[in-house]
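What follows is one structure encoded as structure tokens, with my remarks underneath.
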Amino acid sequence: MNPPSPIRFAYFGSSRLSVIILDELEKAGFLPALAITTPDKPKGRHLTLTQNPVKEWALTRNIPVHDPAKLDSAPGSAFAEMLRAAKCDVFIVASYSKIIPASIIEIPARKTLNVHPSLLPLYRGPAPLQAVMLDDAKNTGVTIMRIDEKVDHGPIVAQKEVAVEEWPAYEEFEELMAREGAHLLAEILPGWVAGSIQEKEQDHSRATFTKKIAKEDGLMDIADASPASQRKNFLKIQAYRQWPVAYFMFEHSGKKIKVKVTRALFLDDKLVIERVIPEGKKEMSYADFQNGFIGSGQSPE
RNA sequence: CGCGGGGUAGGGUAACGGUAACCCGUCAGGCUCAUAACCUGAAAAUUGGCGGUUCGAUUCCGCCCCCCGCAA
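Here the first sequence is numbered in our numbering, starting from 40 and rising by one per residue.
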């Protein structure tokens, strides 16, 4: 079905974004020789073991998968030897949630490339997509860079600008950026492996950093009706749809409950909430929420 | 046995031992140039299921079914 790939590479990834990139690479005719991902973790209401999406993707295509809890880079370790024996031209990393030891990224002749969904040196770090959205930075882009010893610090191999009119839901934005990143990667990969593409040092003086998201970051101030505040709430709703989900607190029948906002619009400088999930309840329309929890016409504090 | 919330009229919420209330919607009538606004009235609930306690259970107890949140 798939023609043998002229380029032999190992793929490091663990999230949904990783899988979208794999899909696009596959369409462009690039299949990894092996995949490295993270171990399955117990999830769900009864802590059922859930397979991570990259593993699932690779297994359905009969691509060997490794999911080490730790990347053992010691010379002679089984993992490092395995990677060496794979004789890859290059390694590709996309949203792999661990830092890869320097001795491993140096294994392939053409080293290790990373797909990063921002215009580096801007938005380095763990949550670039969310940070871009929260900053309302509609002119953004994707970067292919060579990984060096510091996080998101390596030289740039290729970059492409991507702009949006208005923020879609996080998943959609993630998908867009993943596809753009994958297209760019597919475009430059042959040239990179052939050695005909020059890399360029990042301008480290312009670097900005994103931080890990905390659950409390999802708390909104919906009492403040100013356009700036409402805009901020809208951005939170869009950016945090997967996790932690933007929410506000609401007092009902004597207890404080958390109300998550799952869908909203931003119209005429105003936040229009469309769907919510009150704690312990199912998702419902905001109108229903107001009818039952508040009474007609009012807004929650 | 990881922690927790919940199943009440078409939708959402309340009552918490004496057969059910409120908001929205629906239907009828009225007001209005008009209306998704306002006024009046009406229909609509075996209170998830099965047992138990009780003179009497939506309300207390047990079991079962279904739904959801947290665990990054």
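Where is the CB? At the ideal position from N, CA and C, for every residue including glycine.
Could you have a look at residue i and say whether DSSP puts it in helix, strand or coil?
| i | result |
| --- | --- |
| HIS192 | coil |
| LYS232 | Sequence check: residue 232 is Val here, not Lys. The answer is helix: DSSP assigns VAL232 an H, G or I state. |
| GLN198 | strand |
| ASN153 | strand |
| GLY331 | helix |
| SER54 | coil |
| GLU313 | strand |
| VAL203 | coil |
| SER134 | coil |
| ARG100 | coil |
| SER292 | coil |
| PRO81 | strand |
| ASN91 | coil |
| MET323 | strand |
| GLY180 | strand |
What residues are listed by DSSP as bridge partners for residue i?
| i | result |
| --- | --- |
| TYR286 | LEU258, LYS299 |
| TYR279 | DSSP, once it has assigned bridges, lists no residue as partnering TYR279. |
| ARG163 | PHE248 |
| LEU73 | ALA49 |
My guess is that residue i and residue j are in contact by the Cβ rule of under 8 Å, so how many angstroms apart are they, rounded?
| i | j | result |
| --- | --- | --- |
| GLU214 | ILE59 | 6 Å |
| THR182 | ILE195 | 6 Å |
| LEU274 | LEU173 | 5 Å |
Rounded to whole angstroms, what's the CA-CA distance from residue i to residue j? Just pull it up for me.
| i | j | result |
| --- | --- | --- |
| PRO45 | PRO107 | 27 Å |
| GLU219 | ARG280 | 21 Å |
| ALA166 | PRO283 | 12 Å |
| HIS222 | PHE69 | 11 Å |
| LEU98 | TYR50 | 13 Å |
| PRO160 | GLN241 | 6 Å |
| ALA197 | LYS309 | 38 Å |
| PRO156 | ILE75 | 20 Å |
| MET288 | VAL298 | 6 Å |
**Report entry** Inter-stretch contact at 8 Å, needing at least 3 Cβ pairs: the stretch 130 to 146 / the stretch 51 to 66
**Finding:** yes
Query raised in the report: Per the contact definition of three or more C-beta pairs closer than 8 Å, is the stretch 177 to 193 in contact with the stretch 284 to 301?
Result: no
Query - Inter-stretch contact (C-beta, 8 Å, three-pair minimum) for the stretch 225 to 242 and the stretch 143 to 163 - result: The stretch 225 to 242 vs the stretch 143 to 163: in contact.
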